[in-house]
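All residue numbers for the sequence shown refer to this note's numbering, where the first residue is 25 and numbers rise by one.
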Amino acid sequence: MNSNAWGSALALLAALAGGAGMAKADGFTNHIGMSFVDIPAGSFFMGSCKANVTLSVENKKRIFMGLQPLGEPCPSGAEVIPEAADDEIPQHAVNIAAFQMGKTEVTLGQFKQFIAAAERTDLLSDDFIAANQQGDDAAVSYVSWEDAQQFIAWLNQSKPPEDADAYRLPSEAEWEYAARAGSNQRYHFGNDPALLGEYAWYGANAGDLGEKHTHAVAAKKPNAWGLYDMHGNVWEWISDCWHANYRNAPQDGRAWTWGCLGNFHLLRGGSWPASADAVRAAYRHSEVLPSHIVRGAGNGFRLARAFDSRQTANGKQARVNP
Numbered sequence: 025m026n027s028n029a030w031g032s033a034l035a036l037l038a039a040l041a042g043g044a045g046m047a048k049a050d051g052f053t054n055h056i057g058m059s060f061v062d063i064p065a066g067s068f069f070m071g072s073c074k075a076n077v078t079l080s081v082e083n084k085k086r087i088f089m090g091l092q093p094l095g096e097p098c099p100s101g102a103e104v105i106p107e108a109a110d111d112e113i114p115q116h117a118v119n120i121a122a123f124q125m126g127k128t129e130v131t132l133g134q135f136k137q138f139i140a141a142a143e144r145t146d147l148l149s150d151d152f153i154a155a156n157q158q159g160d161d162a163a164v165s166y167v168s169w170e171d172a173q174q175f176i177a178w179l180n181q182s183k184p185p186e187d188a189d190a191y192r193l194p195s196e197a198e199w200e201y202a203a204r205a206g207s208n209q210r211y212h213f214g215n216d217p218a219l220l221g222e223y224a225w226y227g228a229n230a231g232d233l234g235e236k237h238t239h240a241v242a243a244k245k246p247n248a249w250g251l252y253d254m255h256g257n258v259w260e261w262i263s264d265c266w267h268a269n270y271r272n273a274p275q276d277g278r279a280w281t282w283g284c285l286g287n288f289h290l291l292r293g294g295s296w297p298a299s300a301d302a303v304r305a306a307y308r309h310s311e312v313l314p315s316h317i318v319r320g321a322g323n324g325f326r327l328a329r330a331f332d333s334r335q336t337a338n339g340k341q342a343r344v345n346p
């Protein structure tokens with residue numbers, strides 16, 4: 025295709041994408057139609073309470089004898105999650121500053137605007153096109169961590185002067201804090217996976233039924249803070265690199281980008297083929313290969329942004345989850 029034809033195609037793509045913006049949220053809606061929700065400052069317990077089979081046998085005896093049980097501490101007082109992985113411990117308190125979180129995952133329509141404006145037609149591989157056939161309101165997928173960073177760089181460069189706060193991927197702690205929305209259970213709505221279908225696109229109501237693709241964002245119920253699809257639809261890239269557990273993890277909500285195990289980056293939230301276990305709020309996932317170049321049909325992202333000289337969102341302060 026010659027340069028004039030490419031120019032016409034890109035102009036059409038930009039025009040089509042520009043008409044696919046989401047409705048405004050209470051927090052903020054930017055120049056390409058992305059809505060953000062105010063997330064209040066607060067503290068929470070990150071990770072899971074995990075049982076160890078050997079310790080469970082020993083603790084049964086210790087409790088009978090009136091002795092203190094052994095094992096990983098569970099400061100939140102939440103119930104033990106038998107299926108929790110070793111990388112979800114130790115559960116620990118984290119302080120989070122107020123920030124804004126994308127109301128939804130980045131949509132195909134929003135990502136098309138980046139492709140058109142930045143002339144990134146190199147991203148339009150056969151696999152990308154095949155993975156994104158559900159319309160402009162669907163969560164974009166087949167996106168690498170580096171693709172997400174390039175989208176963010178373009179968005180920050182193109183935003184108007186009055187949009188003072190930089191866009192970025194959320195830290196892992198910010199993501200889990202926002203996903204839980206005050207809950208300390210498996211999911212933001214409780215522990216019962218039978219209710220997942222009301223809030224999430226995952227294996228049981230999508231991938232296992234042959235719907236091997238992303239779905240329109242905000243088609244399911246939101247969490248208590250107004251965020252959609254924090255469980256399921258697409259895995260969401262975050263800022264942090266991979267660590268085997270939370271020992272020595274930062275407690276101030278910042279991204280943990282040092283002491284990394286390999287060149288891996290984390291994803292959170294689960295996606296359309298994921299099990300009920302894999303869409304839990306505490307579940308962690310990293311790619312086997314160096315994640316900064318890996319693309320997958322279930323990989324997408326959601327953005328965050330800081331507040332400009334504000335300590336809380338709309339004067340709200342979140343409490344520590346019980």
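The beta carbon of each residue, even a glycine, is placed where N, CA and C say it ideally should be.
Keep in mind the model is a prediction, meaning the values are calculated, not measured.
How about residue i and residue j: do their beta carbons lie closer than 8 Å?
i: V118; j: G250; result: no
i: W259; j: S295; result: yes
i: Q124; j: G51; result: yes
i: P274; j: G227; result: no
i: G214; j: H255; result: no
i: E198; j: G277; result: yes
i: V130; j: L291; result: no
i: N257; j: W225; result: yes
i: P308; j: Y191; result: Contrary to the premise, residue 308 reads as Arg rather than Pro in this sequence. In this structure, Y191 does not lie closer than 8 Å to R308 by Cβ.
i: I63; j: A202; result: yes
i: F88; j: D189; result: no
Just to confirm my understanding: we take residue i, look at its own chain, exclude 5 residues before and 5 after, and list those with CB closer than 7 Å. What are they?
i: T53; result: S59
i: K245; result: E222, Y223
Out of curiosity, what's the CA-to-CA distance linking residue i and residue j?
i: V104; j: S72; result: 7 Å
i: I11; j: A140; result: For residue 11 there is no data in the structure shown, the boundaries of the chain being 25 and 346.
i: N247; j: A122; result: 17 Å
i: T238; j: P114; result: 33 Å
i: P163; j: R304; result: The displayed chain sequence assigns Ala, not Pro, to residue 163. Their backbone Cα atoms lie some 19 Å apart in a straight line.
i: E222; j: D216; result: 11 Å
i: W169; j: T281; result: 14 Å
i: A177; j: D253; result: 24 Å
i: A47; j: G57; result: Low confidence applies here, because A47 scores a pLDDT of 34, under 50, leaving its location unreliable; read the following figure in that light. Straight-line Cα distance between these residues: approximately 8 Å.
i: V81; j: A109; result: 19 Å
i: R86; j: Q92; result: 7 Å
i: F138; j: K84; result: 57 Å
i: T145; j: F175; result: 13 Å
i: I120; j: A279; result: 11 Å
i: G126; j: G90; result: 49 Å
i: I317; j: Y270; result: 25 Å
If distances are taken between C-alpha atoms only, which option among the options comes closest to residue i?
i: A243; options: I87, T128, G324, E112; result: T128
i: D301; options: I153, Q209, R192, V130; result: Q209
i: D150; options: R319, R329, F325, A330; result: R319
i: S299; options: G126, I120, N229; result: N229
i: E107; options: G126, A306, H55, A240; result: A306
i: S347; options: M70, D264, H55, N257; result: Missing from the structure shown is residue 347; the chain here goes from 25 to 346 and no further.
i: N323; options: H116, F152, G101; result: F152
i: Q173; options: P194, G283, F68; result: P194
i: K10; options: Y270, W178, Q158; result: This structure cannot settle anything about residue 10, because the visible part of the chain is limited to 25 through 346.
i: F360; options: G90, Y270, E196; result: Nothing about residue 360 can be read from this structure; the chain reaches only from 25 to 346.
In its own chain, which residues sit with a C-beta less than 6 Å from the C-beta of residue i, not counting the 5 before and 5 after it?
i: A321; result: A155, S165, Y166
i: A205; result: H212, N247, A248, W249
i: E112; result: G71, S72, A306
i: A102; result: C73, N208
i: F135; result: V164
i: G231; result: W296, P297
Just to confirm my understanding: we take residue i, look at its own chain, exclude 5 residues before and 5 after, and list those with CB closer than 8 Å. What are they?
i: D171; result: L147, R319
i: L233; result: none
i: L219; result: Y211, F213
i: E285; result: It should be noted that the sequence gives Leu, not Glu, for residue 285. C265, W266, H267, A268, listed in sequence order.
i: H55; result: S182, K183, P184, D187
i: P99; result: F69, Q115, H116, A117
i: V241; result: M46, T128, E129, T131, D161, A162, A163, Y252, D253, N257
i: N272; result: G283
If we cut at 8 Å on Cβ distances, does residue i have a partner in chain B?
i: W169; result: No chain B appears in the structure shown, which is made up of a single protein chain.
Task: Contiguous alpha helix (DSSP H) assignments of at least 4 residues, all confined to the stretch 187-237 - done: 196-204
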